[in-house]
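J.:
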Amino acid sequence: MRLAIQPTAEAIRSFCDVVNHGGGTRIPEAALILSSVGAEEAAYLTGRVILSAAAEGKKLTATAIAVADAIIEHQQMENLRRARADVFKGVLRVQAHGVRSLKMKRKIQNIMSDHGFDQPFPLAMRIRTGVKAIELFCDATGLFAIESQGQRTKYVRPTEAVHKWLEQQHARCELLEPISLPMIVRPRRWSSPFKGGYITKQPGNRLVKQANAAYHDQLRDQMMPGVYDAVNAVQETAWKINGPILAIMREIWDGGGELGDLPARNPTPIPPRPADYAENEETANRWKREASDIHDLNAKNVSKRLALSQRLWVATKFADEEAIYFPHSLDFRGRVYPLATGGPHPQGDDVAKALLTFAVGQPITNDGARWLAIHLAGLFGIDKVSFDERVQWVWDNQIAILDSAADPLDGQRFWATADSPFMALAACLEWAGYIREGADFISHLPVSLDGSNSGLQHFSAMLRDPIGAKAVNLKPGDRPQDIYSDVAAAVQARVNESYDPAATAWKGNKVTRKITKRPVMTFTYSATKYGYCDQILQTLREIDGAGQPYLDADNYVAARYMAAEIWDGVQGTVVAAAEAMAWLRTVASIMTKAGVPIRWTAPTGLPVLQTYKSRKADLIRVVFKGQRIRLQVRNELSKLDSKRQANGISPNLIHSMDASHLMGVANRCYDHDIRSLAVVHDSFGVHAARVSDLQNILRDTFADLYETNWLEVFREEFIAQLPPEWADKIPPVPALGAFDIEQVRRSPYLFA
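In the numbering used here, the protein residues as written are 367 to 1118.
#1: Which parts of the region 569-639 are runs of the alpha helix (DSSP H), unbroken and 4 residues or longer, counting only runs that do not cross its ends?
#2: Please list the terminal residues of the continuous beta strand (DSSP E) segment that includes Trp556.
#3: Excluding sequence positions up to five away, which residues of its chain have a Cβ less than 7 angstroms from the Cβ of Leu542?
#4: Could you compute how far the alpha carbon of Ala673 sits from the alpha carbon of Glu422?
#5: Please check the pair Ile881 and Ala854, which I expect to be a contact at CB under 8 angstroms, by giving their CB distance rounded to whole angstroms.
#6: Note down, in chain order, each residue of its chain lying with its Cβ closer than 7 angstroms to the Cβ of His711, except the 5 sequence neighbours on either side.
#7: Using 8 angstroms as the cut-off, can you tell me whether the region 787-805 makes contact with the region 995-1005, which would need three or more C-beta pairs spanning the two stretches below that distance?
#8: Cα separation between Thr507 and Lys498?
#9: Given a cut-off of 8 angstroms on the beta-carbon distance, is the pair Tyr581 and Leu975 in contact?
#10: At 4 residues or longer, what runs of the alpha helix (DSSP H) sit wholly inside the region 823-895?
#11: For Asp984, which option in Ile493, Ile437 and Glu444 has the closest C-alpha, if you only look at C-alpha atoms?
#12: With DSSP run on the structure shown, which of helix, strand or coil describes Asn921?
#13: Measuring straight from C-alpha to C-alpha, what distance separates Val574 and Arg1056?
#14: Return the bridge partner residues of Pro704 from the DSSP annotation.
#15: Give me the Cα-Cα distance between His1021 and Ala893, rounded to the nearest whole angstrom.
#16: CB-CB under 8 angstroms to Tyr800, same chain, minus the five flanking residues each way: which ones, in chain order?
#17: Is the separation between the beta-carbon of Gly626 and that of Pro787 shorter than 8 angstroms?
#18: Is Val384 buried or exposed, if buried means 16 or more other CB atoms sit within 10 Å of its CB?
#19: Rank Asn651, Leu742, Asn1013 and Leu775 by C-alpha distance to the C-alpha of Asp762 and give the top, closest one.
#20: Pull up the distance between the alpha-carbon of Phe503 and that of Glu444, whole angstroms please.
#21: Over what stretch of residues does the beta strand (DSSP E) that includes Arg1112 continue unbroken?
#22: Helix, strand or coil, according to DSSP, for Arg981 in the structure here?
#23: Any idea if Gln601 is buried or exposed, counting beta-carbon neighbours within 10 angstroms, 16 or more meaning buried?
#24: Please give me, in chain order, every unbroken run of the alpha helix (DSSP H) with length at least 4 that falls completely inside the region 1078-1109.
#25: Using 10 angstroms around the beta-carbon of Val668, count the other beta-carbons present and answer buried if the total reaches 16, otherwise exposed.
#26: What does DSSP give as the partner residues of Leu815 in its beta bridges?
#27: Please report how far the alpha carbon of Arg379 lies from the alpha carbon of Ile399, in whole angstroms.
#28: Take Phe746 as the anchor and find which of Pro842, Phe780, Tyr521 and Thr958 has the nearest alpha-carbon.
#29: Let's test the definition: count the other Cβ atoms within 10 Å of the Cβ of His824 and tell me whether it reaches 16, buried, or not, exposed.
#30: Considering just the uninterrupted stretch of the beta strand (DSSP E) at Ser514, what are its terminal residues?
#31: For Met1029, verify whether its CB is less than 7 angstroms away from any heavy atom of the ligand FMN.
#32: So, under 8 angstroms CB-CB, Asp659 and Arg987 are touching, yes? Tell me the CB distance rounded to an integer number of Å.
#33: Quick one: what's Thr958 bridged to in DSSP?
#34: Output the boundary residues of the beta strand (DSSP E) element that contains Trp966.
#35: In its own chain, which residues sit with a C-beta less than 8 angstroms from the C-beta of Ser1113, not counting the 5 before and 5 after it?
#36: Does Ser1004 come out as helix, strand or coil in the three-state DSSP assignment?
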């Protein structure tokens, strides 16, 4: 840690001395904030924020604000502690219990103001200060640099020096500690919008992430016991670090390996310029795009290495704890998220989830072993066949699975071929335990059931759409339906008959499930054709990165063509969902024209407020390494943004519905004595022995949820918010189809 903090502290101290002694500088305000705390404290806070921001891929502007705010908050609290210890303790008490007394809140604000502890700093000043602190850290350590993406978007990117720093084991230093960590005691139960989660509350911590102050006043009086119970049930799940997986990851990473989902250790070389680069504009443009893609890939890989080191740091820190817990909160739609996401966490990627297992174990039972086999097959991508076929696949591959468990690094490494390699390795180890000890084996692994396509499942149920219901497994069947493959087949058939020159590259079964999955998955979340193009391009880059180019064509041209084809293919497959989305956009447009924010009450009783404001882009000029750069800051105006309101209503409403289902599942699981629960929006994991119970709970709560015609309920709620002259413009809801929602209770592949 000293290798990063000491030189940065010296640079900060030198900069402040120059300014304070009248030295020429165009940013004296940066010295004002930086010199308000010790140089070591400023350096430490800067380093902590930069490392976390770089691992998360945050933009320079957001990182600069976070750096300045961390320093300002530290300075204000330290000054208050020294001058008024009694008030300081009161602030801690208020933060811990929520601000209930307006009189007390004003008293604290007045005292802090009297002592100069709440001095407001303009946004431009905070940005310039943060940028200067980042510049000093970059110059002093060489660990980070500012890189541009496009004309105005800039990021703090790790340099290759970070890679060397990590390899020298300086990565185990405290700088890698995320801002928020798991807890070693049960989180405080949420009992109000302001009280719950971490025992020592952080400023601004709330049950619901919503910037509107009036919303929180309304929430205080809202009766929603099911919401509190569900969040508490999720955050009271006891976890522990999966020691064998941590040891294997450490051995691979510390030994210079790249197995599984671990990021590449060395940059991908940029190909040389083509011989006809100067003469052929098309060739030149293609090479430029390829070189740019590789440059971005290399930058992201360095960030991934940093993020991995952070995950391993946290896992090592908590490796000996018998139990750890993740406090949770909600986004404004009601979706449940853990507050500590810098290390291993239940909603992370393959590495983050594989490093965790339930702290409390249960005998696996033979039924649980069957579900473990189904789960294991799914991690290898064997999830489009029946449950029995998945179980048979495990038995057919048992030798390779047991070899992975017995000798993961020097054996066949079958686990490394899985879609989720480290989670697959954890499941291989669990399966080996069952084979060794039988039904009495104590299992700790979360075994998951996942939704087919959450957005389309909820729209199909809401609309009683028989076509959509069959496509996304609401209707019982002997085998799972796969809408991604259905759309791929329909698009491929159309492409094969097309005379469009752009179709040529896609002929011959090139339109696969992998190509269509991202676009189809995001259809109900208001993805556009332009967004489809980006998604397809990203998929093509991933395929190309694993071997030879997938298409004999320019990926950009091919992606633009395929985006339009998939768009039409999805629209033709899920007609009812498209109709409902159009209805919601119409409602949003009417309400925005009336100047009314969009509100609805989720089935859980949680109020949802959607207020996307128009934004004005302001440019703030800052100096970085002697050069003026311009950073764009978007400031919200008072007027609602009609386009964002219309585009946001479908995904936000559907997210509020899947959040309501999750809460219903969490509460029903708790009632059935299931106290270990892993949730990721439309994915649910429990002990293997309880998966059969979970499957019934998932189906029953889903069917219960949609016994009500929620679109009609929401329509009445929208109308009640509008003046009569606008209320009359709200059209009737789309007609319900003939699908019987009770069939959901018998559908084995609703979640599978």
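Even for Gly, the Cβ is constructed at its ideal location relative to N, Cα and C.
Here the structure is a predicted model, which means the values were calculated and not measured.
T.: The short version:
#1: Counting only unbroken stretches of 4 or more residues, the alpha helix (DSSP H) elements lying wholly within the region 569-639 are 579-586, 591-601 and 609-620, in sequence order.
#2: Counted as a single uninterrupted DSSP element, the beta strand (DSSP E) harbouring Trp556 occupies residues Arg554 to Ser558.
#3: Cβ within range, chain order: Leu417, Ser675, Gln676 and Trp679.
#4: Their Cα atoms are separated by approximately 7 angstroms.
#5: That belief holds up - the Cβ atoms of Ile881 and Ala854 are roughly 7 angstroms apart, short of 8 angstroms.
#6: So the list reads Phe692, Pro704 and Ala718, once near-sequence residues are dropped.
#7: With the cut-off at 8 angstroms, the region 787-805 and the region 995-1005 do not touch.
#8: So the alpha carbons of these two residues sit roughly 14 angstroms apart.
#9: Going by beta carbons, Tyr581 and Leu975 fall inside the 8 angstroms limit.
#10: Runs found: 832-837, 849-862 and 879-887.
#11: It is Ile493 whose Cα lies nearest to the Cα of Asp984.
#12: Three-state DSSP puts Asn921 in a helix.
#13: Between Val574 and Arg1056, the alpha-carbon positions lie close to 30 angstroms from each other.
#14: Partner residues in the beta bridge of Pro704, as assigned by DSSP, are His694.
#15: Those two C-alpha atoms are separated by around 14 angstroms.
#16: Annotation for Tyr800: Ile730, Ala735, Leu738, Phe807 and Ser809 place their beta carbon closer than 8 angstroms to its own, counting only its chain and skipping 5 residues before and after.
#17: Yes, the pair counts as a contact, with Cβ atoms nearer than the cut-off.
#18: The residue is exposed, with fewer than 16 neighbouring Cβ atoms inside 10 Å.
#19: For the residues Asn651, Leu742, Asn1013 and Leu775, the minimum Cα distance to Asp762 belongs to Leu742.
#20: Rounded to the nearest angstrom, the gap between the Cα atoms of Phe503 and Glu444 is 23 angstroms.
#21: Careful: Arg1112 lies outside any beta strand (DSSP E) and carries neither H nor E.
#22: When secondary structure is reduced to three states using DSSP, Arg981 falls in the strand class.
#23: Burial call: buried.
#24: Counting only runs of 4 or more, we get 1090-1093.
#25: Val668 should be labelled buried.
#26: For Leu815, which the question treats as bridged, DSSP gives the partners Phe1050.
#27: Cα-Cα distance, rounded: 12 angstroms.
#28: Looking at the Cα atoms, Phe780 is the closest of the given residues.
#29: It counts as buried.
#30: Segment Phe510 to Gln515, the beta strand (DSSP E) holding Ser514.
#31: For the structure depicted, the ligand FMN is absent and the ligand set is empty, with no information on it obtainable.
#32: Not really, about 31 angstroms apart at Cβ, beyond 8 angstroms.
#33: Beta-bridge pairing links Thr958 to no other residue.
#34: Taken as a continuous stretch (DSSP letters only), the beta strand (DSSP E) holding Trp966 covers Ile964 to Thr967.
#35: Answer for Ser1113: Asn839, Leu840, Lys841, Pro842, Gly843 and Arg1065, listed in chain order.
#36: Assigned with DSSP and collapsed to three states, Ser1004 falls in strand.
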